[in-house]
Every structure is written in C-alpha cells, then in structure tokens.
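Residue numbers (the numbering used here), protein chains in the order written: chain A, 546 to 796; chain B, 738 to 1177.
Note that CB positions come from ideal geometry on N, CA and C, so glycine has one too.
Since the structure comes first, as structure tokens, the remarks are kept for the end.
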C-alpha cells in the first residue's frame, strides 16, 4: 500500500522530518504516537501533499506510484484520505456541492461519468448513517458552525463517501467526548476492509482500544524511534515517553 | 486639444440637428447643461469622486454619434430570441438610445403602467434630479441625449411582473451613445425594473447613461442593472434616485463582463422612514475596470440604508468602490450600514476601496467597512485533499464569495439565473457578449 523511505521534509528553514521509514501493507492499521512537535502532523501533511511543506530527501510510493510527484488532488483520486486535525470551514460552499464536486472529480479521474443527482443523494443518505451525521448538517456550508465533534464526524463521513484505500486520521480523537469518540471509531471500523489501510495519529490509547492497530510507531524528533505491537500504546499511556527517550540514549 | 473640446465644438455645430430630432422638453434642458459642461470640463482624477477612473482619457477618442437618428437596421426580437416565460418579465428593447417601438411585446401591463419613448412622453420631471448634480458627465448626457426610456407607474398601482429592458449597443462604426431613463413611481405604487446591457457588435462603444428615479411616498422600486458587454465597451452610468417618506428602493448593480465601467449612484432619502438597500456584484478579469461610486444622503430622520458590494478581480483587472454616506443635520435615528468585500485572485489585480461616513446628526447608528483579500489557502488545500482540482476549488470558493450578495437580490428568477451565469463566468465560458444570457 504505502512505502516511505528516508523521508525528510521542512517547513520554511526548519527541518521536521529527518528520515522516516514506514511500510504499510493492505489491510493493516498503524498507529503513530509521539510527543508534541515530533512531526506526526507534518508526516501526514507531507503524504497528502500540503504545499506548505517541502520534501528535501527520500521517497514515498503508494500502490506502486510515486506519491511525491503527484498533485494533492491526484493523491486523493488514487485513494489517499486525510482526516484533518483541524477541519476547515468553508462558508458559502454547501456540504452537498462540496461532496458532489469531490465524488465527480474522482469519477472523472477514473474515466466514469458524473453520478446522477438521485444516486448521489442516496449515497449521501447511506453514508451519513456511518457516523450518525444529522441531515441538517449536510445542507449547511462545509464545517461552518459545526461543533468540534460534528467536524470530526464530518471527516469520517467524507471518508465513507470517498472510500479511500489509505486513510490517515490526524488526531481525530482530539476534542471528542467519549460517546463521539465511540461513534467515530465505530465508523472507521465499519469502513475497514482487507483491501484498505489506516494510519491513526493520536496521543492517547483510548481511540486505539477501539480501532485496534496491529503496529504502533513512536515518532520523536522527526524519526520513528520505536515500533511495536498494540501493547506499546498502553505502555506509553502508563509511562509516557521518557523511557523511550532513555532507550535511544537521550534524557 | 482637450477631451472636452470636441464635444463643445460638436454641440455648437450640431445643436440644431440634435434639437430637431428630440423633443421640446428635452431641448429645454440642453443649453444650461452645455454651459455647465463647457465651464466645468471633464472631471480629472483630482476630483474626489473620479479618483479611480480617468474620464478625460475615456472620452478622448473620436466616436461617431447618430445625431440624425438614422435607422440602424436591427431586429432585436430576432437577435435576442428570448425565452421570456422563464423570467416572467415584460420585455422591451432600447437600441442604442432609442426605445424600440416597432414591435411591442405581447404582454399585458397593468393599467396605470406606462412605458415608452422619453422623447414622446416628455415628462415634466425630466432632469429635475440630474439637473441639480454638479457632475459634468451627466451634463454632457443632458446636452446630447435625444431620446430614452420613460416608465411611469400611477398612484397605488402595483406592477408585480418585472419589466425587463434590454439595452443593445448596435453599430457598424465606433459609436457614442447617450442614453436616458426616467422612472416615476407615484405614491404607493410598486415597480420592478431589470436593465440588461449588451453590446451586439464588435465595435468600440462609449455609452453614457443617466437614470433618474422618483419614488414617491410609500412607493417601492426594485432596480436591477446587469452589464454584460465586451472589452471594447466604456460605460459611464449615473443613477439619481429621490425617495419620499416610507418608500423603499432596492438598487442592484451587477457587472459580469465589460470593458471600462463607471457606475455612480446618488440616492437621497428625502422623506421620513424611507429605506434603501444597494447591492453590487462585480466579476472582472483581464484588463477590465469597474468603479462603483455611491453617495447616499440621509436628509430626513428614521431612514435606513444598507450597502453591500462584492468584487472578484482576476488577472490585471482593477476595481474601485468609493461609498459615502452623508447624514444631514436633523436626520436623527438614521441606520446605515456599508460593506465592501473584495477578492483579488492575482498579485496584479488591484482594488481601491474607500468607505466614507459623514455624520451631522447625533443620534444615529452607522457602520462601514471594507476588506481586500485572497482565497483562503487552507480551504483550497482542504478541497484539493478531497480530490477537487485546484481550478474547481477556486471556482467554488469564488462562487461562494459572490453568492452572498446575489442571494440578497430579491428577483428570484434573476437570482437563479445569476447563480448560473456567475458560475459560467468563473469557468471562463462567458467570454463575450452573445446576447442576453438571461434569456437563453
């Protein structure tokens, strides 16, 4: 699915990623944890092609295609999805028009005709159920006036609509209460198939108890310094990151 | 030779010809207007209200004038095959400056609604608003205008169907047109007017336009001016509106495609409890220039005015908005709100904005503000991550921006049509005037 080799990236003059290596196979769920400022969000931003970041070294291959050479929209068309840590409000653009544009652009990329209106509305209705999203929200402008929880649910709704191959959830649990987190996690689980993969970026193991990853990576100072099984998340929850810093010879 | 000299010479030489093809009522205003124009000359950019548009330069080229009123062969009904029922309007044509009366539309206007040639109707109130203006371009129009459009709605009559007038610039040579409109809405009457400006020929056009509107007590006027001309068109429009007590005016100006456009609006809230809403929507690219200049004068207490003008400027387009609200002494309990918001899509696009408030009363609520900015990068990227191409994402965001003002427009079929036209405009599919897009 995804193979990242020795990835370096900077924002302005500040180097943030200093050689990331990561392999994700079909059907796998990986968690990426790490202290604040370690580069987790940067990694996700670089993978989806955020123009604010510059890749200085390394490669990223997505289902055999060179990810770093593709425009952000083409990465999306190839099946890459990011659930934003801070979903953007877009006043004046309705959720319906937004989703219709996204779906039809993807279909165009795949050489398919645009979806007809009835089909599209049916799909919206169906996918809303995945995260229990209010139909009223679908008529509003994108994320405008949504609560924190609604925004995150809206991200997963969009994920359901677009059916990506690889989803990156960037702190989708932040700002969510227990019930909302459960809805989001259940939504994500429903969308997982043996052909799709997921990267979950989080600080806490609560979400990981619900979305069970097979692999947990610890990102620190722009590198993956430790990789383990699901138990690693629990250890971090209990002991913090200091013991890992010690392991790699840092205070 | 200065720009004004050719018009001064023209008037001196052709005065008789101009008068012969007009009416006594219009001729009666001519000499005074000439005196004023000859004395004042064209306003340079040092004149505050003309700071952003170089009027002398626009009037310098040598345009032809059709002072002899030669018949220009055209059949607007054929040229503009209109699907009228869609808009539910009564449709009329003005070709250059003349009311096209050869084939009146087969529509039934309510009794008490008159529409026709200004020259023939010769109303007494002609030039009673514009004549008080110190604007030299208005004087030029008064001195040269030979005909125009007259609309009158008698006391208490409500014309619920909008009257649509299509102004066509039609000529085989470069042409100057001086168009005149007089609207008289009597007490308690209601009128909705939609003007669509088009240029039918690939010629340079210079059109001056003066619209005078009298809105009597408790009357209501909705005025929509939509311009869809081409890059060889220059339009200098001046709208003068006087509102009596408890009247309501809704003034909308939409520039979808043009060359150089200057729109002036002078609106007087003369009677207590009058209310006006002014909306402007501008989309310009390449080297287009659009300058909206408004002056709303609160002369009486308890009046309300609001303005919202939005611009999207692309390429090397320039836009200007200068709005002034003047609250006169004694105009207590005035409520006024002015907003101008602009998107500049490139580094080369320029927007000049100047919201002004001048208040001589002490119990008023007035606000004004303006913004100039770019599309939100975070929103653009968010959309691209969802697979929406950069171009489509920009289009959606620009559309969203401009729709805020279109949604304020009350003529529903126009609003729906505008949503569609604006989207086409942003997609670059509205590159030249192909006749009345409203009707196709």
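Not one beta carbon of chain A lies nearer than 8 Å to the beta carbon of residue 1077 (chain B). Setting aside the 5 residues that flank it on each side, residue 1000 (chain B) is surrounded in the same chain by 974, 990, 1029, each with a C-beta closer than 6 Å to its C-beta; the list follows chain order.
From the beta-carbon of residue 608 (chain A), no residue of chain B is found nearer than 7 Å; the closest lies around 16 Å away. In this structure, residue 767 (chain A) lies near residue 561 (chain A), with their beta-carbon atoms less than 8 Å apart. Contact of residue 1123 (chain B) with chain A is assigned, a C-beta pair being separated by under 8 Å. Scanning its chain for C-beta atoms nearer than 6 Å, with the 5 sequence neighbours on each side dropped, one finds around residue 1008 (chain B) the residues 981, 982, 1037, in chain order.
Contact residues of the stretch 707-719 of chain A toward chain B are 707 (C-beta to C-beta distance below 9 Å). With a threshold of 16 other beta carbon atoms within 10 Å, residue 793 (chain A) falls short and is exposed. Per the coordinates, the alpha-carbon of residue 674 (chain A) lies some 19 Å from the alpha-carbon of residue 756 (chain A). Interface criterion met: the Cβ of residue 651 (chain A) is under 8 Å from a Cβ in chain B. Under the 8 Å Cβ criterion, the stretch 633-652 of chain A counts as touching the stretch 684-691 of chain A, having at least three qualifying pairs. Restricted to the stretch 571-630 of chain A, the alpha helix (DSSP H) segments that are unbroken, complete and at least 4 residues in length are 585-593, 617-622, listed in chain order. In this structure, the alpha-carbon of residue 835 (chain B) lies about 17 Å from that of residue 911 (chain B). Contact annotation: residue 1063 (chain B) and residue 1035 (chain B) have beta-carbon atoms nearer than 8 Å. The continuous stretches of alpha helix (DSSP H) do not include residue 1109 (chain B), which lies in the beta strand (DSSP E) extending over residues 1102-1110.
Looking from the CA of residue 662 (chain A), the closest CA among A:648, A:579, A:758 belongs to A:648. Closest in C-alpha terms to residue 704 (chain A), from the list A:634, A:776, A:636, A:621, comes A:621. Nearest to residue 878 (chain B) by C-alpha distance, out of B:846, B:1154, B:867, B:805, is B:867.
Per DSSP, residue 691 (chain A) lies in no alpha helix (DSSP H) segment and is marked neither H nor E. Distance from the CA atom of residue 556 (chain A) to the CA atom of residue 593 (chain A), rounded to whole angstroms, is 15 Å. Only exposed fits residue 847 (chain B), as fewer than 16 other CB atoms lie within 10 angstroms of its CB. Among the CB atoms of chain B, one or more fall inside 8 Å of the CB of residue 618 (chain A). The three-state secondary structure of residue 756 (chain A), taken from DSSP, is coil.
Here DSSP, grouped into helix, strand and coil, assigns residue 1092 (chain B) to strand. Against chain B, the CB of residue 659 (chain A) has no partner CB under 8 Å away; the residue lies outside that interface.
Per DSSP, the unbroken beta strand (DSSP E) holding residue 951 (chain B) starts and ends at 942-952. When C-beta atoms of the stretch 743-761 of chain A are compared with those of the stretch 771-783 of chain A, three or more pairs fall below 8 Å, so the two segments count as touching. Counting the other Cβ atoms within 10 Å of the Cβ of residue 888 (chain B) gives 16 or more, which makes it buried. Around residue 748 (chain B), the same chain offers 771, 880 as residues with beta carbons nearer than 7 Å, after the five sequence neighbours per side are excluded.
Per DSSP, the beta-bridge partners of residue 914 (chain B) are B:944.
Along the stretch 659-692 of chain A, there is no position whose C-beta sits under 7 Å from a C-beta of chain B. Judged by DSSP secondary structure, residue 984 (chain B) falls outside any alpha helix (DSSP H); it is assigned neither H nor E. The three-state secondary structure of residue 779 (chain A), taken from DSSP, is helix.
With contacts defined as CB atoms closer than 8 Å, residue 1080 (chain B) and residue 1127 (chain B) fail to qualify as a contacting pair. Against chain B, the CB of residue 627 (chain A) has a partner CB under 8 Å away; the residue lies at that interface.
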